[in-house]
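Engineer: Below is a structure I'd like to ask you about.
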Amino acid sequence: MIVIPAGEFRMGSPQDEPKRDFDEGPQHRVRIKYRFALGVTEVTFEEYARFVRATGRELPSDSDWGRGKHPVINVSWIDATEYTQWLIRQTGKQYRLPTEAEWEYAARTGTTTPFSTGDCITTSQANYYGKSNYANCGVKTGVYRGKTVPTGSLPANPWDLPWDARKCLGMDRRLLAWRLQKCSL
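Take the sequence shown: its position 26, counting from 1, is numbered 26 in the UniProt record's numbering, and each next residue is one higher.
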């Protein structure tokens with residue numbers, strides 16, 4: 001876990017941002033009034049499998065993207081919440097899913113650009129469909145892996161959180177961060 005400091009940021013993306021999804025606006029100021037902790041990486045299939053074995057559940061499909069150290073996918077909000085409750089029982093510590101605002105705040109790390117890396121991003125920095133001119137960066141920005149990559153295999157953002165861009169770039173950012181707002185606007 002890594003502690004994220006309290007602070008403010010502009011949530012969402014500007015209306016003129018290339019490739020912006022309709023649900024990413026309007027941009028608005030959000031204040032996170034408290035410190036909170038996030039896992040340094042996404043929950044892996046390996047970690048989630050312990051929960052599955054202990055509770056008699058079925059391991060979700062990996063869609064042929066990889067198990068082991070790859071981030072767990074195809075998990076419902078209910079299953080993710082039950083996983084946090086299981087972690088509490090196993091460790092005696094408190095766990096919960098981050099809110100969408102907490103997740104975006106941690107991913108942005110105080111930056112105002114589309115990515116924590118600046119205006120452009122490459123597939124050496126994040127995992128996404130790199131055969132296109134993503135975000136009008138002027139060049140094709142990398143390869144297409146077609147699946148997740150093992151957690152921690154990409155460079156970390158300025159707060160030392162390595163992310164799979166399927167979440168960072170909004171393609172699947174709600175995998176483990178649902179709209180459970182606890183922040184003041």
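The beta carbon of each residue, even a glycine, is placed where N, CA and C say it ideally should be.
Restricting to runs no shorter than 4 residues, where is the alpha helix (DSSP H) found entirely within the stretch 25-103?
Structural biologist: Entirely contained in the stretch 25-103, the alpha helix (DSSP H) runs reaching 4 residues are, in chain order, 45-55 and 77-91.
Engineer: Output needed for PHE45: all residues of its chain with C-beta closer than 7 Å, excluding positions within five of it in sequence on either side, in chain order.
Structural biologist: Closer than 7 Å at the Cβ level, and outside the excluded window around PHE45, lie ASP62, ARG67, GLY68, HIS70 and VAL72.
Engineer: Leaving out the 5 sequence neighbours to the left and right, which residues in its chain are closer than 8 Å to PRO158 when beta-carbon positions are compared?
Structural biologist: For PRO158, where only same-chain residues beyond five positions count, the Cβ hits under 8 Å are THR109, GLY110, THR111 and SER116.
Engineer: Looking at C-beta atoms only, is the number of pairs between the stretch 76-88 and the stretch 40-57 that lie closer than 8 Å three or more?
Structural biologist: They touch, by the three-pair rule.
Engineer: What is the DSSP secondary structure of ALA107, counted as helix, strand or coil?
Structural biologist: Helix at ALA107.
Engineer: Please go through the same chain and pick out, in chain order, the residues whose beta-carbon is closer than 8 Å to the beta-carbon of ASP160, but skip the five residues on each side of it.
Structural biologist: So the qualifying residues of the chain are ILE2 and VAL40.
Engineer: Do ARG35 and ARG10 have their beta-carbon atoms positioned less than 7 Å apart in this structure?
Structural biologist: Not closer than 7 Å, so no.
Engineer: Near ILE121, what residues of its chain come up, given a Cβ to Cβ distance below 6 Å and the 5 sequence neighbours on each side ignored?
Structural biologist: Here the set comprises PHE115.
Engineer: For ALA6, tell me which candidate among ASP16, VAL43, TRP77 and ALA37 has the shortest Cα-Cα distance.
Structural biologist: Taking only the C-alpha atoms, the option nearest ALA6 is ALA37.
Engineer: For the beta strand (DSSP E) containing PHE9, list its first residue and its last residue.
Structural biologist: Run containing PHE9: 7-11, per the beta strand (DSSP E) assignment.
Engineer: One question on the structure: do GLY130 and VAL143 come within less than 7 Å of each other, judged by their Cβ atoms?
Structural biologist: The answer is yes: Cβ separation under 7 Å.
Engineer: Taking just the CA atoms, how far does GLU104 sit from ASP16?
Structural biologist: Near 19 Å, if we compare the C-alpha coordinates of GLU104 and ASP16.
Engineer: Please list the terminal residues of the continuous beta strand (DSSP E) segment that includes VAL3.
Structural biologist: 2-4 is the extent of the beta strand (DSSP E) around VAL3.
Engineer: Can you grab the Cα-Cα spacing for the pair GLU102 / LEU154, in whole Å?
Structural biologist: Each residue's alpha carbon lies about 21 Å from the other.
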